[in-house]
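Asker: Below is one structure. I have some questions about it.
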Amino acid sequence: MKYQSFLIKYAEIGVKGKNRYMFEDALVKQIRFALKSVDGEFEVTKESGRIYANALSDFDYDDAVEALKRVFGISAICPMVQVDDLGFEELKKQVLQYLDQVYPDKHLTFKVNARRANKHYPKNSEEINRDLGEVILETFPDMQVDVHHPQVMLHVEIRTRINLYSQVIPGPGGMPIGTNGRAMLLLSGGIDSPVAGYMIAKRGVVIEAVYFHAPPYTSDRAKEKVVDLARLVARYAGPMKLHIVNFTDIQLYIYDQCPHEELTIIMRRYMMRIAEMIAEKEKCLALITGESIGQVASQTVQSLAATNEVCTMPVFRPVIGFDKQEIVDISEKIGTFETSIQPFEDCCTIFVAKHPVTKPNINVIRRSEEKLAEKIDEMVKTAVETAEVIRCE
111 MKYQSFLIKY AEIGVKGKNR YMFEDALVKQ IRFALKSVDG EFEVTKESGR
161 IYANALSDFD YDDAVEALKR VFGISAICPM VQVDDLGFEE LKKQVLQYLD
211 QVYPDKHLTF KVNARRANKH YPKNSEEINR DLGEVILETF PDMQVDVHHP
261 QVMLHVEIRT RINLYSQVIP GPGGMPIGTN GRAMLLLSGG IDSPVAGYMI
311 AKRGVVIEAV YFHAPPYTSD RAKEKVVDLA RLVARYAGPM KLHIVNFTDI
361 QLYIYDQCPH EELTIIMRRY MMRIAEMIAE KEKCLALITG ESIGQVASQT
411 VQSLAATNEV CTMPVFRPVI GFDKQEIVDI SEKIGTFETS IQPFEDCCTI
461 FVAKHPVTKP NINVIRRSEE KLAEKIDEMV KTAVETAEVI RCE
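In our numbering, the protein residues as written are 111 to 503.
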């Protein structure tokens with residue numbers, strides 16, 4: 111069957127009130143953007159609770175489905191045939207033609223599920239179900255009715271035109287990008303932070319990212335790895351800016367001036383400060399991290415409290431209660447895992463102490479940071495002003 115149209119279903123948007131149209135418009139915009147990556151021309155329209163993507167030329171079906179499966183806000187993708195209302199006799203012919211093309215093997219159970227949005231149609235839903243079921247049984251005797259667990263659920267939607275579909279491909283769910291503000295993701299080369307960015311983007315948040323690079327202690331290949339991860343996240347989150355901060359001088363200064371068991375916490379606090387400064391410049395309203403309680407020394411509850419203390423923005427930690435395998439499962443699903451496990455060190459791992467403090471005292475940390483007062487403010491300012499920006503799509 112050569113489909114030319116998709117019915118796009120949404121779930122959560124449907125419970126919105128008078129502003130639902132804004133969420134629908136955002137979803138239409140994201141669908142149009144996603145389909146730009148597919149060879150072919152598409153028209154995306156909406157009609158009273160329905161969104162349609164109609165192909166205006168030949169296109170790659172599999173590529174189109176994969177593109178739509180990455181659009182947050184879509185709950186289901188239904189390849190469909192849309193026909194004009196030319197009377198019930200013509201509808202019966204269209205239904206039989208549809209089933210014959212989509213299901214060459216007729217040894218199947220089926221059920222007809224009609225919905226009559228057009229109340230002027232001469233038959234009600236129950237009559238449509240009964241009459242279409244009858245003609246299907248007469249034409250295809252190998253097919254049998256099963257109203258409880260059918261192998262084929264034939265949907266017939268009577269609207270301005272008539273939609274016929276039986277395949278329902280799950281979408282990613284969530285909310286359309288751009289409906290819930292902006293946030294800045296602290297992106298490393300690991301497994302967790304790309305997953306965190308994906309999860310917050312799924313709630314409709316526009317994502318930007320910041321990466322802390324420490325040449326020559328980290329290689330250009332480590333930087334390229336993070337750029338690759340940003341591009342993989344951008345397949346779901348939409349185009350995003352990646353801010354690459356040169357963190358080497360700050361790390362070396364902290365290493366020279368502060369107790370080594372506190373290095374991880376103090377460096378992390380300055381990363382959060384810098385990320386917040388860039389976030390404010392970019393009009394972001396929150397920070398995002400991939401921290402999970404207890405995973406490493408900098409992610410104990412005490413360490414997280416010490417890190418949080420330097421931020422005025424809210425910090426979103428969507429994987430905070432996940433174990434590692436749960437995070438890995440999501441990273442494999444979204445296609446970031448293989449890139450994340452490439453053996454290129456990020457700046458955090460280079461300066462890790464042998465015995466980092468796991469229960470830092472905030473007052474002690476503050477006193478240690480006083481040793482940095484002579485130069486640190488100017489170094490932070492330079493790091494922010496010289497950050498490289500790469501657009502990832």
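Beta carbons: idealized from backbone N, C-alpha and C, even for Gly.
Determine whether the beta carbon atoms of PHE447 and SER402 lie at a separation below 7 Å.
Answerer: Position 337 of the sequence shown, counted from the first residue, corresponds to residue 447. Position 292 of the sequence shown, counted from the first residue, corresponds to residue 402. For PHE447 and SER402, no; Cβs fall outside 7 Å.
Asker: Restricting to runs no shorter than 3 residues, where is the beta strand (DSSP E) found entirely within the stretch 261-293?
Answerer: As far as the stretch 261-293 is concerned, its whole beta strand (DSSP E) runs of at least 3 residues are 262-268, 272-275.
Asker: Any idea which residues DSSP pairs PRO189 with across the strands?
Answerer: Here residue 189 refers to the residue found at position 79 of the sequence shown. Answer is PHE116, bridged to PRO189.
Asker: Name the two residues that bound the continuous alpha helix (DSSP H) containing MET350.
Answerer: Stepping through the sequence shown from its first residue, residue 350 is reached at position 240. Run containing MET350: none in the alpha helix (DSSP H); it sits in the beta strand (DSSP E), 350-356.
Asker: How far does the beta strand (DSSP E) with ALA319 in it extend, from its first residue to its last?
Answerer: Here the question's residue 319 lines up with position 209 in the sequence shown. 316-323 is the span of the beta strand (DSSP E), which, as asked, contains ALA319.
Asker: In terms of alpha-carbon separation, which member of GLN140, VAL490, THR496 lies closest to THR289?
Answerer: In the sequence shown, residue 289 corresponds to position 179, counting from 1. Measuring from the Cα of THR289, the nearest candidate turns out to be GLN140.
Asker: Are there 16 or more other CB atoms within 10 angstroms of the CB of ASN471, so buried, or fewer, so exposed?
Answerer: Within the sequence shown, the letter at position 361 stands for residue 471. It counts as exposed.
Asker: I need the DSSP call for LYS469, collapsed to helix, strand or coil.
Answerer: By 1-based counting over the sequence shown, the position of residue 469 is 359. Correct three-state label for LYS469: coil.
Asker: Do LEU274 and TYR213 come within 7 Å of each other at the CB atom, strictly closer than that value?
Answerer: Sequence index remark: in the sequence shown, residue 213 carries index 103 (1-based). Sequence index remark: in the sequence shown, residue 274 carries index 164 (1-based). Contact: no.
Asker: Excluding the 5 residues flanking LEU196 on each side, which residues of the same chain have their C-beta closer than 7 Å to its C-beta?
Answerer: Numbered from 1 along the sequence shown, position 86 holds the residue referred to as residue 196. So no residue of the chain qualifies.
Asker: Taking the CB atoms as reference points, tell me whether ILE398 and ILE287 lie closer together than 7 Å.
Answerer: Indexing the sequence shown from 1 puts residue 398 at position 288. Indexing the sequence shown from 1 puts residue 287 at position 177. Against a cut-off of 7 Å, the Cβ pair of ILE287 and ILE398 comes out as no contact.
Asker: Please report the distance separating the alpha-carbon of VAL175 from that of PRO282.
Answerer: Locating residue 175 in the sequence shown gives position 65, where the first residue counts as 1. Locating residue 282 in the sequence shown gives position 172, where the first residue counts as 1. Rounded to whole angstroms, VAL175 to PRO282 spans 12 Å at the Cα level.
Asker: Report the CB separation of ALA163 from VAL154 in whole angstroms; it is logged as a contact under 8 Å.
Answerer: As a first step, residue 163 is located in the sequence shown; it is residue number 53 there, counting from the start. As a first step, residue 154 is located in the sequence shown; it is residue number 44 there, counting from the start. 5 Å between Cβ atoms; contact.
Asker: Can the beta-carbon of GLU269 be found closer than 7 Å to that of ALA227?
Answerer: Along the sequence shown, read from residue 1 onward, the residue named residue 269 stands at position 159. Along the sequence shown, read from residue 1 onward, the residue named residue 227 stands at position 117. Correcting the residue identity first, residue 269 is Arg in this sequence and not Glu. Yes, the Cβ-Cβ distance between ARG269 and ALA227 is below 7 Å.
Asker: Check this for me: beta carbons of TYR321 and ILE354, under 7 Å apart or not?
Answerer: For this step, residue 321 is matched to residue 211 along the sequence shown. For this step, residue 354 is matched to residue 244 along the sequence shown. For TYR321 and ILE354, yes; Cβs fall inside 7 Å.
Asker: Going by other Cβ atoms of all chains shown within 10 Å of its Cβ, with 16 needed for buried, is GLN361 buried or exposed?
Answerer: The residue given as residue 361 occupies position 251 in the sequence shown. So GLN361 counts as buried.
Asker: I'd like to confirm the pairing. Which residues does DSSP put opposite THR155 in its beta bridges?
Answerer: On the sequence shown, position 45 is the one that residue 155 refers to. BP columns for THR155 point to TYR162.
Asker: Roughly how many whole angstroms lie between the Cα atoms of ILE301 and PRO325?
Answerer: If you number the sequence shown from 1, residue 301 lands on position 191. If you number the sequence shown from 1, residue 325 lands on position 215. Taking the straight line from one Cα to the other gives about 21 Å.
Asker: How about the stretch 370-378 and the stretch 330-347: do they share at least three Cβ pairs that are nearer than 8 Å?
Answerer: At 8 Å Cβ cutoff, the stretches do not touch.
Asker: Among residues of its own chain, excluding the 5 on either side of LYS202, which ones have a beta-carbon nearer than 6 Å to its beta-carbon?
Answerer: Position 92 of the sequence shown, counted from the start, is the residue given in the question as residue 202. Cβ within range, chain order: VAL245.
Asker: Quick one: using the 10 Å Cβ neighbour count with 16 as the cut-off for buried, is ARG477 buried or exposed?
Answerer: By one-based count along the sequence shown, residue 477 stands at place 367. ARG477 comes out exposed.
Asker: Of the choices ALA332, LYS216, THR417, whose alpha-carbon is the least far from that of ARG383?
Answerer: Within the sequence shown, the letter at position 273 stands for residue 383. Checking every option, the nearest Cα to that of ARG383 belongs to THR417.
Asker: Are ALA396 and ALA293 closer than 7 Å when you measure CB to CB?
Answerer: Looking up residue 396 in the sequence shown gives position 286. Looking up residue 293 in the sequence shown gives position 183. Contact: yes.
Asker: Can you confirm whether the stretch 180-189 touches the stretch 116-126 when touching is taken to mean that 3 or more C-beta pairs between the two stretches lie within less than 8 Å?
Answerer: The stretch 116-126, when compared against the stretch 180-189, does touch it at the 8 Å Cβ threshold.
Asker: Would you kindly check if the distance between the Cβ of PHE220 and the Cβ of MET253 is under 7 Å?
Answerer: One-based indexing of the sequence shown puts residue 253 at position 143. One-based indexing of the sequence shown puts residue 220 at position 110. Result yes, Cβ atoms of MET253 and PHE220 sit closer than 7 Å.
Asker: Alpha carbon to alpha carbon, how far is ARG160 from VAL278?
Answerer: Residue numbering aside, residue 160 sits at position 50 when the sequence shown is read from its first letter. Residue numbering aside, residue 278 sits at position 168 when the sequence shown is read from its first letter. For ARG160 and VAL278, the distance between alpha carbons rounds to 15 Å.
Asker: Which stretch, first to last residue, makes up the beta strand (DSSP E) that contains GLU498?
Answerer: The sequence position of residue 498 within the sequence shown is 388, counting from 1. Where GLU498 is concerned, the enclosing beta strand (DSSP E) stretches over 498-502.
Asker: Closest to VAL474 by CA distance: which of SER413, GLY127, ARG180, ARG142 is it?
Answerer: Counted from its first residue, the sequence shown places residue 474 at position 364. It is SER413.
Asker: Under 7 Å Cβ to Cβ from SER167, same chain only, skipping five residues before and after it: list those, please.
Answerer: Looking up residue 167 in the sequence shown gives position 57. The answer, listed in chain order, is GLY150, GLU151.
Asker: What is the DSSP secondary structure of PHE426, counted as helix, strand or coil?
Answerer: As a position in the sequence shown, residue 426 is number 316, starting the count at 1. Looking at PHE426 - three-state DSSP - the assignment turns out to be strand.
Asker: Just verifying my parser: in three-state terms, what is the DSSP assignment at ARG180?
Answerer: Counting from 1 along the sequence shown, the entry for residue 180 is found at position 70. Correct three-state label for ARG180: coil.
Asker: Whose CA, out of GLN261, LEU242, LEU295, lies closest to the CA of PRO424?
Answerer: Here residue 424 refers to the residue found at position 314 of the sequence shown. Checking every option, the nearest Cα to that of PRO424 belongs to LEU295.
Asker: In terms of DSSP beta bridges, what is GLN254 paired with?
Answerer: What you label residue 254 is simply residue 144 of the sequence shown in a count that begins at 1. Looking at the DSSP assignment, GLN254 forms a beta bridge with THR219.
Asker: Using a threshold of 7 Å, state whether the C-beta atoms of LEU297 and VAL336 are closer than that.
Answerer: If you number the sequence shown from 1, residue 297 lands on position 187. If you number the sequence shown from 1, residue 336 lands on position 226. Closer than 7 Å, so yes.
Asker: In this structure, does DSSP put ILE360 in helix, strand or coil?
Answerer: Here residue 360 refers to the residue found at position 250 when the sequence shown is read from its first residue. Three-state result, ILE360: helix.
Asker: Using the DSSP secondary-structure output, state which residues sit across from ALA144 in a beta bridge.
Answerer: As a position in the sequence shown, residue 144 is number 34, starting the count at 1. ALA144 is not bridged to any residue.
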